[in-house]
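Enquirer: Let me give you the structure first, and then I'll get to my questions.
Numbering (UniProt numbering), first residue to last: 1 to 333.
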């Protein structure tokens, strides 16, 4: 998902500790939920569920991770995608096909008792649907955490809010945020910690990327970064076969973007994609005020309805109170 810029951004990733991330943050909500649903699963890939079969993996990730944000002084605002642009229709169709195939393969793997393959296909079948979104927003409301429904791409809305100065940084795994002009991007906040990848355990730590330093270091403009991404391929266009990040960087440095398109993709018009990254639909009508958590509502939602451990939920609430240095959460925000 997102544009494959990792190869040229490695030198501009700044490892950071949780203690240095205090501030206000725009969280790519769909991205975070997708991560929670992908990672928080049982060995055979089955997500966490209550006795009625309602998936709760996303609620577990959202509750415990948001509590950790607060513990370290990070005040989050979750930003959710709105209507996808027509430019994204091909990408959406391909992702749906991949998820559907993975869902079928997951079922076969479970029937055959292949636990490793079952887990792999289950992760690939992850989807964020309307119920996942509505239940997540209900949880955030109970926690007193604000969220914003973007008119289109959530990353674009998050970047706008940070550029406007209403928030300090944006949190997403995708590099697209940089194309939308976010000044500071933080990655790995939703997935930091120990993870098993391809049979081995790795440590995933938070990292910061500063757009200004990236552009200065690469010797390009934000417009060039968008051009590079178009050559590589984005959610809104297929890219040109054989062109990766390093080649794309050379092309834009040599002012050969249009020349390359004329030669390799003469029928493709890049302007709609460029315009979308430059001026995406965003809204200025949002409320980012944090409220006191409703502990009673949280216990009812998580423990009574979704059968979370009352001890674990209470332990989080107690830890939040202790961190705040007070007996209640009245002054947490």
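Using N, Cα and C, we set each Cβ at its ideal position, and we do this for glycine too.
Every value quoted in this text rests on a predicted model; they were computed, and no experiment measured them.
Pull up the CB-CB distance for residue 44 and residue 118, whole angstroms please, since I reckon it's below 8 Å.
Expert: Confirmed, Cβ separation roughly 5 Å.
Enquirer: Who are residue 209's beta bridge partners in DSSP?
Expert: The partner list for residue 209 (beta bridge, DSSP) reads 185.
Enquirer: Nearest-angstrom Cα distance between residue 276 and residue 269?
Expert: The straight-line gap from Cα to Cα measures roughly 13 Å.
Enquirer: Taking DSSP as the reference, what is the three-state secondary structure of residue 126?
Expert: Residue 126 falls in the coil class under three-state DSSP.
Enquirer: Can you tell me where the beta strand (DSSP E) with residue 26 in it begins and where it stops?
Expert: Residues 23–28.
Enquirer: Just grab the DSSP bridge partners of residue 234 for me.
Expert: In DSSP, residue 234 forms a bridge with 237.
Enquirer: Exposed or buried, what is residue 254 when buried is set at 16 or more other beta-carbons lying within 10 Å of its beta-carbon?
Expert: Its Cβ having fewer than 16 others within 10 Å, residue 254 is exposed.
Enquirer: Which stretch, first to last residue, makes up the beta strand (DSSP E) that contains residue 74?
Expert: That run of the beta strand (DSSP E) goes 74–80.
Enquirer: Express the C-alpha separation of residue 245 and residue 4 in angstroms, rounding to a whole number.
Expert: Near 7 Å, if we compare the C-alpha coordinates of residue 245 and residue 4.
Enquirer: Mind the definition here: the region 54–70 touches the region 79–96 only if three or more C-beta pairs lie below 8 Å; say whether that holds.
Expert: No, the region 54–70 does not touch the region 79–96.
Enquirer: How would you call residue 337, buried or exposed, if buried means at least 16 neighbouring beta carbons within 10 angstroms?
Expert: The chain is shown only over 1 to 333; residue 337 falls outside these bounds and no answer can be derived.
Enquirer: Would you mind reading off the limits of the alpha helix (DSSP H) that contains residue 64?
Expert: Here the alpha helix (DSSP H) through residue 64 covers 57–71.
Enquirer: What are the start and end residues of each continuous alpha helix (DSSP H) run of 4 or more residues lying completely inside the region 223–285, in chain order?
Expert: Correct list: 245–253, 257–264, 271–278.
Enquirer: Starting from residue 147, follow its DSSP beta bridges and name the residues at the other end.
Expert: Paired residue(s): 78.
Enquirer: Would you call residue 15 buried or exposed, if buried means 16 or more other Cβ atoms sit within 10 Å of its Cβ?
Expert: So residue 15 ends up on the exposed side.
Enquirer: Can you list, in chain order, the residues of its chain with a C-beta nearer than 8 Å to that of residue 239? Leave out the 5 residues immediately preceding and following it.
Expert: Only 230, 231, 232, 233 meet the Cβ criterion.
Enquirer: Using a 10 Å radius around the Cβ and a threshold of 16 neighbouring Cβ atoms, would you call residue 81 buried or exposed?
Expert: Classification for residue 81: buried.
Enquirer: Going along the chain, which residues of its own chain have a beta-carbon closer than 7 Å to the beta-carbon of residue 329, five neighbours each way excluded?
Expert: At residue 329 the pLDDT is 47, less than 50, meaning the model places this residue with poor confidence and gives no usable figure here.
Enquirer: Can you tell me the Cα-Cα spacing of residue 265 and residue 87, whole angstroms?
Expert: Going from the Cα of residue 265 to the Cα of residue 87 covers about 17 Å.
Enquirer: Does residue 272 pass the burial test, meaning 16 or more other C-beta atoms within 10 Å, or should it be called exposed?
Expert: Counting Cβ neighbours within 10 Å, residue 272 comes out exposed, since fewer than 16 surround it.
Enquirer: May I have the straight-line CA-CA distance separating residue 221 from residue 181, to the nearest angstrom?
Expert: For residue 221 and residue 181, the distance between alpha carbons rounds to 11 Å.
Enquirer: State the Cα-Cα distance for the pair residue 141 and residue 241, rounded to the nearest angstrom.
Expert: Their backbone Cα atoms lie some 45 Å apart in a straight line.
Enquirer: Please confirm whether residue 40 and residue 61 have their CB atoms less than 8 Å apart.
Expert: Result yes, Cβ atoms of residue 40 and residue 61 sit closer than 8 Å.
Enquirer: Between the alpha carbons of residue 172 and residue 32, how many angstroms are there, rounded?
Expert: Near 7 Å, if we compare the C-alpha coordinates of residue 32 and residue 172.
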